[in-house]
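Asks:
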Amino acid sequence: MHTIRLLIGWIKQDFVRWLSQRGFTLTLVANQAITPLIGLAVWTSAVPNQNLSAYYIALMVVRLCVVSYEHHTFSGRIYEGELADDLLQPHPVVFRPLSVNLAIRANHLLIGLPLLIGALLFTPARFDVALVVTALPALVLAGVLNFLFTYALSMSAFWTERAHGVVGIGATLTFLLGGEAAPIRFLPEAIQPFGEALPFRAMLGFPAEIAAGTLSQSQIIAGYGWQVMWVCAFAFIVLQVWRAGLRRFAAIGG
Amino acid sequence: MQDRTVSVDHLSMTYRAPVREPGLGAAMRSFVRREFREVRAVRDVSFNIKEGELVGFIGPNGAGKTTTLKMLSGVLYPTAGHARVLGFTPHKRDAHYLRQIAMIRGSRPLAVSGELTVLDALRFQQLIYDVKERDFKRNLDELTGMLDLSPLLNRQVRALSLGEKMRCGLAWSLIYRPRMLFLDEPTLGLDVSAIGLMRCFIADYNRETRATILLTSHYMADVEQLCKRVLLINHGELVFDGALSKLTSRVSSAKILKVSLTEANLAPSWTDYGEVVSQDEDGVSLSVNREHLPAVTSRLLAQLPVADITIAEPPLESVIDRVYREGA
Numbered sequence: 001m002h003t004i005r006l007l008i009g010w011i012k013q014d015f016v017r018w019l020s021q022r023g024f025t026l027t028l029v030a031n032q033a034i035t036p037l038i039g040l041a042v043w044t045s046a047v048p049n050q051n052l053s054a055y056y057i058a059l060m061v062v063r064l065c066v067v068s069y070e071h072h073t074f075s076g077r078i079y080e081g082e083l084a085d086d087l088l089q090p091h092p093v094v095f096r097p098l099s100v101n102l103a104i105r106a107n108h109l110l111i112g113l114p115l116l117i118g119a120l121l122f123t124p125a126r127f128d129v130a131l132v133v134t135a136l137p138a139l140v141l142a143g144v145l146n147f148l149f150t151y152a153l154s155m156s157a158f159w160t161e162r163a164h165g166v167v168g169i170g171a172t173l174t175f176l177l178g179g180e181a182a183p184i185r186f187l188p189e190a191i192q193p194f195g196e197a198l199p200f201r202a203m204l205g206f207p208a209e210i211a212a213g214t215l216s217q218s219q220i221i222a223g224y225g226w227q228v229m230w231v232c233a234f235a236f237i238v239l240q241v242w243r244a245g246l247r248r249f250a251a252i253g254g
Numbered sequence: 001m002q003d004r005t006v007s008v009d010h011l012s013m014t015y016r017a018p019v020r021e022p023g024l025g026a027a028m029r030s031f032v033r034r035e036f037r038e039v040r041a042v043r044d045v046s047f048n049i050k051e052g053e054l055v056g057f058i059g060p061n062g063a064g065k066t067t068t069l070k071m072l073s074g075v076l077y078p079t080a081g082h083a084r085v086l087g088f089t090p091h092k093r094d095a096h097y098l099r100q101i102a103m104i105r106g107s108r109p110l111a112v113s114g115e116l117t118v119l120d121a122l123r124f125q126q127l128i129y130d131v132k133e134r135d136f137k138r139n140l141d142e143l144t145g146m147l148d149l150s151p152l153l154n155r156q157v158r159a160l161s162l163g164e165k166m167r168c169g170l171a172w173s174l175i176y177r178p179r180m181l182f183l184d185e186p187t188l189g190l191d192v193s194a195i196g197l198m199r200c201f202i203a204d205y206n207r208e209t210r211a212t213i214l215l216t217s218h219y220m221a222d223v224e225q226l227c228k229r230v231l232l233i234n235h236g237e238l239v240f241d242g243a244l245s246k247l248t249s250r251v252s253s254a255k256i257l258k259v260s261l262t263e264a265n266l267a268p269s270w271t272d273y274g275e276v277v278s279q280d281e282d283g284v285s286l287s288v289n290r291e292h293l294p295a296v297t298s299r300l301l302a303q304l305p306v307a308d309i310t311i312a313e314p315p316l317e318s319v320i321d322r323v324y325r326e327g328a
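See the structure below:
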C-alpha cells in the first residue's frame, strides 16, 4: 500500500513539474506526431481504400501513450552522478524513471489532444468502439514494453558515454519494424512473420492494427501472446542489466 | 562487537579509467583499441566506529574520503573487502538499512525539484520514508527550532541561498531521524555565521539522538570543534586512526610559544630560544621542540622581561598540510 502511495506521489510531482514545461512538451509532442502524420499522408495516397487513415491516427495515439525518454531522464543521472541520490532512497530506483515516464506520457496526451481531434475531424478515419476497447490492453502492454526496452538500452550509460546513440538504434529499429515506416502487412511476405514476432511491432503497431480493424481474431490472440512474452523477456533483461550496471557504477569522489 | 555501528574490513575500490595520448593518431588508435589504467581509489581500509561517535574523516582531495562514504552508504559496490553498518551490508541496499541512514553533501544539500516548497519537499520525504504524522510533526518542530526554518518552509527551493539550502537540506535528511549520518563537507561554501550554526547543530544532534556521525571536511576547525577522533586517509590508504591531539603530537615535534615583552624596544636574539615563526610589534611566535619546551620557557622568564607567554599546538592546518605532503 505504501509502495502504491509512493509511486502515485512521484507521478503527481513529476506531472506538475512537466506541466510547467508545456512549451517544451509541445515540441516533443510535435516530434512524436510528425512521422505518423507523414505516414498517413503517404500511404493513404499510395494505397487508398485500405483504412490506413484509421491505422495511422491510432498509431499517433499509441506513440503519445508509449513514448519513452529514459536516455534523457535516466542516462543523464548516471553520467552526472545524480543516480547516487536515487540509490540512497529506500525504494526501487526504477520508481523515478517510471514516474517521470508516466508523467511525460500524461502530458503528451493532454497537449496532443487537440491534434488528435483535428486529425479525426479532417480525415475519413472511423473506429469501431468494440475494437478500440479490444486494443486497450495491447496499448497498456505496448507502453510497458516500450518503457522496459528504452530503460534497458538507457542503462548502457553504465558502460558507454553514447547511451543516446544506443537508444537511437532502438528507436530506428522500432520505426522500421514497428509498423510506422510501413504497416507490417505491407512488408515483403518473407519478412512479415519476423515483423510480427519481433518486439518492435508489439511496442507500436500492434495496438493500432487492432483499433483499425486490420487483424483477425487469431492474429489478435497471437499478437497478445508475443506482447506478453516480450514483456517477460525484457523485464528479465532489465533486472540483469541493472544488477551488472550497479556493480559498475563509479560515482567516484564528490 | 555488538556496539559497533560501523565495521569496515579491508575495504577497497578500484576502477578503470580510459587513457590515451593526445593527438589525432592516438585518437584513431583508441577507436580500435582502448587502453585503461587502474585507479585504486580506496585501498584496504579497515576501521570500526561505535554507536554515538562523531568521527572526522580527513584527507587531501582525491584521497578516497567520499568514495569510502559512498561505499558505506550503499551507493557504490566495493571491489574488495567487507563493510557492516547498523548490522547491514551496505551494497545490498536493504530498504530497512536505507531508512536508517542519511548522506548529506555540502555540494548538493537538497536534491529535490526547484519548484517544490521546502515544506512540500519535507512532506515528500515523509512519504518516502513512511514517517508517521505524529513523528513527522515532532521532528519538524525540533528541526525548525534548531535550524530556524520557519521563514523558509513556504519558499520554493530554487529561491533559497546556499546557506538556506544547507539548513533545509539538513532538515530534509534528518526528518526521519536516521541513526547513521554521513556528512560530506557540510560547511562547504557557507559563511562564518552559517558554519557556526552548522557545527552547533551537528554537535547537538549527535548528543541528543546518539546518532553515529562520520564527517568529512577540508575545514580543520570543523574537525577540531566536533571530533575527538579522526581517520586520516591519503592515496586511498588509512594512515591514522585516533585522537586529533595524538596526530598533532605525532606529526609535529614542536609547539608554538607566543611571547610579548614589557619593553617593546628590546631586540633579543630570539633564535637562541627557538625558530621564529612570526614577529610583529605585539611580540613573537617561536617554534620550540616539545622536549625542550620547559627549559626554554624557564630561560625566557629568567632572562627577559616577559609580559605574556602562551603555549599552543601548531595550527592544525599546518600539521595536516605536512601530513598530506609528507605522510603521517
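For the protein sequence lines, the chains are A and B, in the order given.
All residue numbers for the first sequence refer to the working numbering, where the first residue is 1 and numbers rise by one.
All residue numbers for the second sequence refer to the working numbering, where the first residue is 1 and numbers rise by one.
Quick reminder that beta carbons are idealized off the backbone N, C-alpha and C, glycines included.
1. To which residues does DSSP link VAL276/B through a beta bridge?
2. Could you give the distance in angstroms between the alpha-carbon of THR123/A and the alpha-carbon of LEU140/B?
3. Evaluate LYS246/B with the Cβ neighbour count: other Cβ atoms within 10 Å of its Cβ, from every protein chain shown; 16 or more gives buried, anything less gives exposed.
4. Across which residues does DSSP place GLN156/B in a beta bridge pair?
5. Closer than 9 Å between beta carbons: that is the criterion. Which residues of the region 8-41 of chain A meet it against chain B?
6. Quick one: what does DSSP say PHE88/B is sitting in, helix, strand or coil?
7. Identify every residue that forms a DSSP beta bridge with PHE329/B.
8. ASN101/A and PHE147/A - do their beta-carbons sit closer together than 7 Å?
9. Beta carbon of ARG40/B, beta carbon of GLY236/B: below 7 Å?
10. Taking only three categories from DSSP, how would you classify ASP86/A?
11. Could you please tell me which residues of the region 153-164 of chain A, in chain order, have their CB closer than 8 Å to any CB of chain B?
12. Once the 5 residues before and after MET1/B are set aside, which same chain residues still bring their CB inside 6 Å of it?
13. One question on the structure: do ILE256/B and GLY64/B come within less than 7 Å of each other, judged by their Cβ atoms?
14. For GLY242/B, which beta-bridge partners are listed by DSSP?
15. Go ahead and label GLN279/B buried or exposed: buried means 16 or more other beta carbons lie within 10 angstroms of its beta carbon, across all protein chains shown.
16. Between which two residues does the alpha helix (DSSP H) harbouring ALA27/B extend?
17. Is the distance from the Cβ of ILE184/A to the Cβ of GLY195/A below 7 Å?
18. Check whether the region 101-113 of chain A and the region 11-22 of chain A touch, using three or more Cβ-Cβ pairs below 8 Å as the test.
19. List, in order along the chain, the chain A residues whose C-beta lies closer than 9 Å to that of PHE88/B?
20. At a Cβ threshold of 7 Å, is ARG126/A touching chain B?
21. So is HIS2/A in contact with chain B if we call contact Cβ pairs under 7 Å?
22. Leaving out the 5 sequence neighbours to the left and right, which residues in its chain are closer than 7 Å to SER68/A when beta-carbon positions are compared?
23. Determine the extent of the beta strand (DSSP E) in which ILE311/B is found, giving its start and end residues.
24. If you draw a straight line from the alpha carbon of ASN206/B to that of LEU215/B, how long is it in whole angstroms?
25. For PRO78/B, count neighbouring C-beta atoms within 10 Å of its own C-beta (all shown protein chains included) and say buried if the count is 16 or more, exposed if not.
26. Here's the rule I'm using: 16 or more other beta-carbon atoms within 10 Å means buried, otherwise exposed. How should GLU291/B be labelled?
27. When you compare only the Cα positions, how much space is there between TYR55/A and THR44/A?
28. Is THR248/B buried or exposed, if buried means 16 or more other CB atoms sit within 10 Å of its CB?
29. I need the straight-line Cα distance from PHE186/A to LEU131/A, nearest angstrom please.
30. If we ignore side chains and look at the alpha-carbon of each, how far apart do PRO193/A and LYS132/B end up?
31. Which partner residues does MET13/B have in the DSSP bridge list?
32. Among SER318/B, THR68/B, VAL259/B, which one has its Cα closest to the Cα of ASP44/B?
Replies: Well, looking at it:
1. On the second sequence, position 276 is the one that residue 276/B refers to. The partner list for VAL276/B (beta bridge, DSSP) reads LEU286/B.
2. Position 123 of the first sequence, counting from 1, holds the residue named residue 123/A. Position 140 of the second sequence, counting from 1, holds the residue named residue 140/B. Those two C-alpha atoms are separated by around 58 Å.
3. The residue you call residue 246/B lines up with position 246 of the second sequence. With fewer than 16 other Cβ atoms within 10 Å, it is exposed.
4. Here residue 156/B is taken as the residue at index 156 of the second sequence, counted from 1. Answer is THR117/B, bridged to GLN156/B.
5. GLY9, TRP10, GLN13, ASP14, VAL16, ARG17, SER20
6. Against the second sequence, residue 88/B aligns to sequence position 88. PHE88/B: strand per DSSP, three-state reduction.
7. For chain B, the structure presents residues 1 to 328; residue 329/B sits outside this window and is missing.
8. Indexing the first sequence from 1 puts residue 147/A at position 147. Indexing the first sequence from 1 puts residue 101/A at position 101. Closer than 7 Å, so yes.
9. Along the second sequence, read from residue 1 onward, the residue named residue 40/B stands at position 40. Along the second sequence, read from residue 1 onward, the residue named residue 236/B stands at position 236. Yes, they are a contact pair.
10. Within the first sequence, the letter at position 86 stands for residue 86/A. In the structure shown, ASP86/A sits in a helix (DSSP, three-state: H, G or I).
11. none
12. Taking the first residue of the second sequence as 1, we reach residue 1/B at position 1. Note that MET1/B scores a pLDDT of 46, beneath 50, so its modelled location is shaky; the value from the coordinates is reported in the next line. For MET1/B, where only same-chain residues beyond five positions count, there are no Cβ hits under 6 Å.
13. Locating residue 256/B in the second sequence gives position 256, counting from the first residue. Locating residue 64/B in the second sequence gives position 64, counting from the first residue. Going by C-beta atoms, ILE256/B is not nearer than 7 Å to GLY64/B.
14. Here residue 242/B refers to the residue found at position 242 when the second sequence is read from its first residue. Its beta-bridge partners are VAL230/B.
15. As a first step, residue 279/B is located in the second sequence; it is residue number 279 there, counting from the start. Looking at its Cβ environment, which holds fewer than 16 other Cβ atoms inside 10 Å, GLN279/B is exposed.
16. On the second sequence, residue 27/B is found 27 positions in, with the first residue counted as 1. Unbroken alpha helix (DSSP H) run through ALA27/B: 24-32.
17. Position 184 of the first sequence, counted from the start, is the residue given in the question as residue 184/A. Position 195 of the first sequence, counted from the start, is the residue given in the question as residue 195/A. Against a cut-off of 7 Å, the Cβ pair of GLY195/A and ILE184/A comes out as a contact.
18. yes
19. Working through the second sequence from its first residue, we reach residue 88/B at position 88. What PHE88/B touches in chain A: nothing, since even the nearest Cβ is about 12 Å away.
20. Your numbering for residue 126/A matches position 126 in the first sequence. Not one chain B Cβ lies under 7 Å of ARG126/A.
21. Position 2 of the first sequence, counted from the first residue, corresponds to residue 2/A. Yes - at least one Cβ of chain B is within 7 Å of the one on HIS2/A.
22. Position 68 of the first sequence, counting from 1, holds the residue named residue 68/A. Cβ within range, chain order: ASN101, ASN146, PHE147, THR150.
23. As a working note, residue 311/B is residue 311 in the second sequence. Unbroken beta strand (DSSP E) run through ILE311/B: 306-312.
24. For the purposes of this step, residue 206/B is taken as residue 206 along the second sequence, with counting starting at 1. For the purposes of this step, residue 215/B is taken as residue 215 along the second sequence, with counting starting at 1. Cα to Cα, ASN206/B sits roughly 12 Å from LEU215/B.
25. By one-based count along the second sequence, residue 78/B stands at place 78. By the 10 Å Cβ count, PRO78/B comes out buried.
26. Stepping through the second sequence from its first residue, residue 291/B is reached at position 291. Counting Cβ neighbours within 10 Å, GLU291/B comes out exposed, since fewer than 16 surround it.
27. Start at 1 with the first residue of the first sequence, and residue 55/A comes out as number 55. Start at 1 with the first residue of the first sequence, and residue 44/A comes out as number 44. If you take the alpha carbons of TYR55/A and THR44/A, they lie about 10 Å apart.
28. Residue 248/B sits at position 248 when you count from the first residue of the second sequence. By the neighbour-count rule (16 or more Cβ atoms within 10 Å), THR248/B is buried.
29. Position 186 of the first sequence, counting from 1, holds the residue named residue 186/A. Position 131 of the first sequence, counting from 1, holds the residue named residue 131/A. Between PHE186/A and LEU131/A, the C-alpha separation is close to 21 Å.
30. Here residue 193/A corresponds to residue number 193 of the first sequence, with the count starting at 1. Here residue 132/B corresponds to residue number 132 of the second sequence, with the count starting at 1. In a straight line, the C-alpha of PRO193/A is about 55 Å away from that of LYS132/B.
31. Within the second sequence, residue 13/B is the residue found at index 13, counting from 1. MET13/B is bridged to VAL42/B.
32. Translated into positions along the second sequence, residue 44/B becomes position 44. The shortest C-alpha separation from ASP44/B is found at THR68/B.
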